[in-house]
Each structure stands twice: as structure tokens, then as C-alpha cells.
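A.B. asks: Residue numbers for the sequence shown follow our numbering, so the first one is 5 and each next one is one higher. Ideal placement from N, C-alpha and C gives every residue a C-beta, glycine not left out.
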Amino acid sequence: MVAAGGSTMPHGGAAVLSMPPAAGGLGLPSDVTIECIYSASLDTSMLPVGKRHAVLHFDGTSWSVGRALQPELFAALLVEDASRVLVSRTHCALTWDGAAMRIRNMSPNVILVDGEPVQQQGQASIVPG
Numbered sequence: 005m006v007a008a009g010g011s012t013m014p015h016g017g018a019a020v021l022s023m024p025p026a027a028g029g030l031g032l033p034s035d036v037t038i039e040c041i042y043s044a045s046l047d048t049s050m051l052p053v054g055k056r057h058a059v060l061h062f063d064g065t066s067w068s069v070g071r072a073l074q075p076e077l078f079a080a081l082l083v084e085d086a087s088r089v090l091v092s093r094t095h096c097a098l099t100w101d102g103a104a105m106r107i108r109n110m111s112p113n114v115i116l117v118d119g120e121p122v123q124q125q126g127q128a129s130i131v132p133g
């Protein structure tokens, strides 16, 4: 489980990541879908599926997440401007090495992976479940 936000995370969140399928049977990554499953400021189960999911497109090296990249997602989840700034314009990048998904924090705001902080430019493995 991944959570992103400020160091105190008053409007914290979490995302479930689906692992990327092989593209064309070549073992190359394609798109991944993220879903917000928790927000301190609203009940995400009350949102339409399209408002709590985002498809991330592979750019050749990684998938990027941030409020400038998925504006509709973060506008729906963080309705107050004060809470939206907890998610950076480019908050994190996800990479796939063929066996594991990794997250790199691109933001000065902390990201939690399984409750452990990932500081700016730090990385952590994301395991299914």
C-alpha cells in the first residue's frame, strides 16, 4: 500500500497498483491503473469508479504520478486547494524491472510504502497486496 501526502498527512491517501501486463508478449511494460482506496477528507467508495482511478501511460522508462499529470483524479480526491498542494505536480515515478514495481519519490512531501517513509529521491519496492 502506498500513501502520499505531507509529513503529517492530514488528507492522506493510498493507492492500489495493478501490475503492468506484457505488451505484445515481449515482456515490455504498458499502462498501469492506480486507484485511490482511502482519503482522510472523503469516502472514496462514494465516488464513481472513473473519479478514483487513473491510467498511467508508460513513457519508455517509467510511469509518473502527480496533480499536473492526473488533474481530474486529484481534483476529485482533494477538493480543497490547501490539501491539493500536498501532492506535487510530479509526485512520484513508478518503474518496472520485469519482476517488481518500484516507486521513486520526486516530491519534498513524504510517501509512505507499507507505513515506511520514502524521502525525496528515495525508492522502495511495491509488492502486490
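Just how far apart, CA to CA, sit V69 and L60?
C.D. replies: Whole-angstrom Cα-Cα distance: 8 angstroms.
A.B. asks: In this structure, does DSSP put L98 in helix, strand or coil?
C.D. replies: DSSP places L98 in strand when its eight states are reduced to three.
A.B. asks: Around the C-beta of V131, are 16 or more other C-beta atoms found within 10 angstroms, so that it is buried, or is it exposed?
C.D. replies: Burial call: exposed.
A.B. asks: Roughly how many whole angstroms lie between the Cα atoms of R93 and A104?
C.D. replies: Rounded to the nearest angstrom, the two C-alpha atoms are 25 angstroms apart.
A.B. asks: Would you call V83 buried or exposed, if buried means 16 or more other Cβ atoms sit within 10 Å of its Cβ?
C.D. replies: Counting Cβ neighbours within 10 Å, V83 comes out exposed, since fewer than 16 surround it.
A.B. asks: Does the count of Cβ pairs from the region 72–90 and the region 41–57 closer than 8 angstroms reach three?
C.D. replies: As far as the Cβ criterion goes, the region 72–90 touches the region 41–57, which means the pair count is three or higher.
A.B. asks: Who pairs with S68 in a beta bridge, going by DSSP?
C.D. replies: DSSP lists A97 as partners of S68.
A.B. asks: Using three-state DSSP, classify V20 as helix, strand or coil.
C.D. replies: Interpretation of V20 is limited by its pLDDT of 46, a score under 50 that renders its predicted location unreliable; the figure taken from the coordinates is listed afterwards. Note: V20 maps to strand in three-state DSSP.
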